[in-house]
Amino acid sequence: MVQIFYSLIYMSVRVRFAPSPTGALHIGGVRTALYNYLFAKQQGGAFILRIEDTDRTRYVPGAEQYIIETLKWVGLLPDEGVGFGGDKGPYRQSDRKEIYHHYARELVQRGHAYYAFDTPEELALRKQAEENFTYNQQTRGGLSNSLTLSETEVESRLKAGTPFVIRLRVEPGRAIHVQDLIRGEVVFQSGELDDKVLLKADGMPTYHLANIVDDHLMEITHVIRGEEWLPSTAHHVLLYEGFGWTDTMPVFSHLPLILKPVGNGKLSKRDGAKFGMPVFPLEWEGATPEESFSGFRDTGFLPEAAINFLALLGWHPGGEQEIFSLQDLIQAFSIDQISKSGARFDYEKAKWFNQKYIQAANNEVLASYIRPLVNSKGYEATDEYLEQVAALMKERVTFLPDFVETGYYLFEPVREYDKETLQKKWTPPIAEIFNELTGMVATFEPFNGPALEEAVKHFIHEKAVKPGDILPLLRIALAGTMKGPAVFDMAVALGRKETVRRLQALSELG
RNA sequence: GGCCCGUUCGUCUAGGGGUUAGGACGCAGGAUUUUCAUUCCUGUAACACGGGUUCGAUUCCCGUACGGGCUACCA
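In this note's numbering, the protein residues as written are 347 to 856.
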């Protein structure tokens with residue numbers, strides 16, 4: 347006992363993120379990965395990526411790569427796992443088939459599991475006949491399994507290759523206590539539990555078996571997973587008991603769900619299209635447009651912003667800080683401050699975080715994010731110019747693509763002029779002054795923001811017109827719109843030649 | 001239906017037997033900026049309901065309602 351206590355204290359923390367490669371990884375999965383990562387790093391432990399691909403019918407090619415790419419994008423790099431090495435592998439469950447067979451058989455030998463020969467069709471019929479039919483301690487006596495069949499019959503069926511599953515043998519009359527770090531003690535009555543399938547007829551384990559065997563073999567100390575696993579945790583405890591692994595059973599924490607922005611229920615992949623927002627980390631190209639999704643990355647989120655947003659969806663350290671770097675999060679994180687109730691996906695808040703992170707990012711970093719967007723539009727620009735664009739636009743954008751979309755006029759001629767303002771401001775006398783101003787700008791030295799501004803204002807004063815008569819026109823000439831960066835900063839960024847060209851273009855139009 | 005979990009402003013949340021129930025997003029108004037945005041200030045708005053326990057409950061307990069999850073040879 348003393349020894350167990352000792353080992354629990356000094357055993358280093360090991361947590362796992364164990365997604366199933368059935369398609370694009372849901373944003374809730376990213377949050378689960380994040381909480382696991384934060385806990386591991388804070389405790390000086392290991393963060394492990396395990397791929398749970400035991401359902402061959404739901405396997406989707408590319409999903410595993412998607413998961414890995416997501417973790418890389420958000421910066422949650424596993425210490426061990428598929429694609430990351432480690433000495434407790436293999437970390438892909440389909441590569442561990444024999445291991446599960448071995449343990450499933452061992453559990454049968456220990457009397458905590460049994461062979462069952464009932465076919466899916468037979469069970470489906472039973473369910474049709476009896477509405478609440480479950481395979482459990484009440485019903486198994488009347489079914490076809492190694493508890494009802496003679497030993498020789500079982501032997502011969504196994505020898506003949508009759509398909510079978512292995513089921514957990516749950517005995518009634520016990521209270522199973524689960525200690526959850528988020529929810530406290532949760533109690534289940536064993537009499538209400540069914541005899542879960544552990545090993546399927548195709549030879550693959552179910553989640554229940556695989557997750558216990560792997561967590562044990564991989565020396566996982568803490569299981570941090572979604573709330574949907576809470577009801578089956580009682581079965582998991584029974585498995586630890588059955589194997590005699592209770593001393594090293596991991597500590598459980600069941601996370602609250604992420605809910606739809608409006609309406610009832612948990613956030614689903616369809617909500618992305620429905621509400622016009624990403625619910626996946628990365629873009630995903632499915633077989634059809636309906637199965638293809640956009641993600642946070644291609645929408646133009648900074649990974650740091652996505653992480654900050656996700657971290658606070660269901661957890662809060664208690665202070666009034668809102669902006670947390672990954673390092674801040676590692677320091678501040680604690681499992682007992684995770685909320686118990688589900689959190690609605692608040693996209694407005696996500697946008698706010700992104701805006702904040704873009705504002706705070708330095709121009710060089712932003713330029714590197716803008717570069718691919720610029721290239722894909724076919725624009726040409728130097729890195730130095732992109733840094734200027736970043737400086738000009740960073741306080742006016744929400745998403746990365748806004749730099750080249752809202753600010754397109756920093757890369758190509760004005761496409762469309764604000765007619766309303768033009769109609770109001772463009773009068774023959776003003777046009778004449780404007781032309782004169784164009785001539786001045788063409789030769790004015792030095793061509794920098796403050797000097798230019800000073801000179802133009804002086805010019806306006808001399809002509810006895812109001813700044814409001816000229817400045818808006820200048821802006822429209824350069825950007826076409828009444829929104830945007832300071833006019834003189836724009837002029838300097840565009841350069842003298844382009845500025846003059848645009849001023850002339852407006853005159854010709856007028 | 002059964003089992004399990006939950007419930008503080010519209011949203012994310014802090015708090016906790018006695019508080020003007022705090023912050024953030026959003027929204028509204030204002031200041032700054034002769035654009036827009038940023039920034040700053042102000043405002044808006046919450047303890048689901050009913051019983052206990054208590055001198056006192058939003059906080060503790062029990063119910064109810066509502067919401068959610070699970071109930072597959074899916075994870």
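Beta carbons: idealized from backbone N, C-alpha and C, even for Gly.
Who pairs with residue i in a beta bridge, going by DSSP?
{"i": "Tyr460", "result": "Arg513"}
{"i": "Asp526", "result": "Gly530, Phe598"}
{"i": "Trp661", "result": "Ile684"}
{"i": "Ile604", "result": "Ala689"}
{"i": "Leu545", "result": "Ile512, Pro551"}
{"i": "Gln535", "result": "Ala521"}
{"i": "His568", "result": "Val361, Val597"}
{"i": "Arg404", "result": "In DSSP, Arg404 forms no bridge with anything."}
{"i": "Phe393", "result": "Val361"}
{"i": "Asn482", "result": "Looking at the DSSP assignment, Asn482 forms no beta bridge with any residue, so it has no partner."}
{"i": "Arg438", "result": "Ile397"}
{"i": "Asn491", "result": "Ala462"}
Am I right that residue i and residue j are in contact with their C-beta atoms under 8 Å? What's the rounded C-beta distance?
{"i": "Ala547", "j": "Pro509", "result": "4 Å"}
{"i": "Tyr461", "j": "Ser492", "result": "4 Å"}
{"i": "Ala521", "j": "Val533", "result": "6 Å"}
{"i": "Arg360", "j": "Met595", "result": "So it is not a contact: roughly 13 Å between Cβ atoms."}
{"i": "Leu395", "j": "Gly427", "result": "3 Å"}
{"i": "Ala837", "j": "Leu798", "result": "6 Å"}
{"i": "Met828", "j": "Thr567", "result": "That belief does not hold up - the Cβ atoms of Met828 and Thr567 are roughly 59 Å apart, past 8 Å."}
{"i": "Asp540", "j": "Tyr481", "result": "6 Å"}
{"i": "Met550", "j": "Lys443", "result": "7 Å"}
Quick check: what's the CA-CA separation for residue i versus residue j?
{"i": "Pro759", "j": "Trp698", "result": "30 Å"}
{"i": "Ala810", "j": "Glu800", "result": "15 Å"}
{"i": "Ala556", "j": "Arg503", "result": "25 Å"}
{"i": "His448", "j": "Gln667", "result": "50 Å"}
{"i": "Asp401", "j": "Thr465", "result": "18 Å"}
{"i": "Gly826", "j": "Phe670", "result": "38 Å"}
{"i": "Phe598", "j": "Lys434", "result": "21 Å"}
{"i": "Asp644", "j": "Leu819", "result": "35 Å"}
{"i": "Val833", "j": "Arg842", "result": "13 Å"}
{"i": "Phe351", "j": "Val559", "result": "Interpretation of Phe351 is limited by its pLDDT of 43, a score under 50 that renders its predicted location unreliable; no figure is taken from the coordinates."}
{"i": "Tyr693", "j": "Phe749", "result": "20 Å"}
{"i": "Ile397", "j": "Ala409", "result": "10 Å"}
{"i": "Thr416", "j": "Leu628", "result": "7 Å"}
{"i": "Ala823", "j": "Tyr763", "result": "8 Å"}
{"i": "Lys505", "j": "Thr579", "result": "34 Å"}
{"i": "Val583", "j": "Ile653", "result": "32 Å"}
{"i": "Gln525", "j": "Leu489", "result": "34 Å"}
{"i": "Leu317", "j": "Glu517", "result": "With the chain covering only 347 through 856, there is no way to say anything about residue 317."}
{"i": "Glu636", "j": "Phe479", "result": "36 Å"}
{"i": "Val406", "j": "His581", "result": "28 Å"}
{"i": "Arg785", "j": "Pro813", "result": "The identity of residue 785 in the sequence shown is Gly, whereas the question assumes Arg. Each residue's alpha carbon lies about 18 Å from the other."}
{"i": "Gln349", "j": "Gly590", "result": "Residue placement at Gln349 is flagged as unreliable, the pLDDT there being 38, under the threshold of 50; the coordinate-derived value follows with that caveat. Answer to the nearest angstrom: the Cα atoms are 16 Å apart."}
With a threshold of 8 Å on Cβ separation, who are the neighbours of residue i within its own chain once the five nearest residues in sequence on each side are excluded?
{"i": "Leu601", "result": "Arg377, Thr378, Tyr381, Ile528, Ile570, Arg571, Gly572, Glu573, Gly660, Ile684"}
{"i": "Leu648", "result": "Asn700, Tyr703, Ile704, Ala707, Tyr715, Leu746"}
{"i": "Gly588", "result": "Leu453, Arg456, His458, Ala459, Leu514"}
{"i": "Ala625", "result": "Per the sequence presented here, residue 625 reads as Val, with Ala not at that position. These residues qualify, in order along the chain: His372, Ile373, Leu613, Ser614, Lys615, Asp617, Gly618, Phe639, Phe691."}
{"i": "Asp682", "result": "Leu527, Ile528"}
{"i": "Gly641", "result": "Ala370, Pro624, Phe626, Pro627, Leu628, Glu629, Trp630"}
In its own chain, which residues sit with a C-beta less than 6 Å from the C-beta of residue i, not counting the 5 before and 5 after it?
{"i": "Leu603", "result": "Glu573, Lys612, Gly688"}
{"i": "Ser621", "result": "Reading off the sequence, residue 621 comes out as Phe, not Ser. Excluding positions up to five away in sequence, the list reads Pro607."}
{"i": "Gly753", "result": "Met739"}
{"i": "Tyr553", "result": "none"}
{"i": "Ile816", "result": "Ile806"}
{"i": "Asp425", "result": "Ala392, Phe393"}
{"i": "Met347", "result": "Reliability of the predicted coordinates at Met347 is poor, the pLDDT of 32 falling under 50, and the value obtained from them is presented with this limitation in mind. Within the same chain, Met347 has no close Cβ partners at all."}
{"i": "Gly519", "result": "none"}
{"i": "Gln388", "result": "Ile676, Phe679"}
Which same chain residues end up closer than 7 Å to residue i when comparing Cβ atoms and leaving out the 5 residues on each side of it in sequence?
{"i": "Val787", "result": "Thr845, Val846, Leu849"}
{"i": "Leu384", "result": "Leu675, Ile676, Phe679"}
{"i": "Asp729", "result": "Ala713"}
{"i": "Lys744", "result": "The residue you asked about is not Lys; residue 744 is Thr in the sequence shown. Closer than 7 Å at Cβ, skipping near neighbours: Lys697, Asn700, Gln701."}
{"i": "Glu710", "result": "Glu733"}
{"i": "Ser353", "result": "Because Ser353 sits at a pLDDT of 45, beneath the cut-off of 50, its placement in the model cannot be relied upon, and the point is left open."}
{"i": "Asn781", "result": "Ser853"}
{"i": "Lys686", "result": "Ile528, Arg529, Pro602"}
{"i": "Ala657", "result": "Leu380, Phe670, Leu675"}
Only counting runs of 4 or more residues, tell me where the alpha helix (DSSP H) segments fall wholly within the stretch 606-661, in order along the chain. Counting whole runs of 4 or more residues, the stretch 606-661 contains the alpha helix (DSSP H) stretches 616-621, 642-645, 649-657.
Going along the chain, which unbroken runs of the beta strand (DSSP E) with 3 or more residues stay wholly within the stretch 712-798?
Whole beta strand (DSSP E) segments, 3+ residues: zero.
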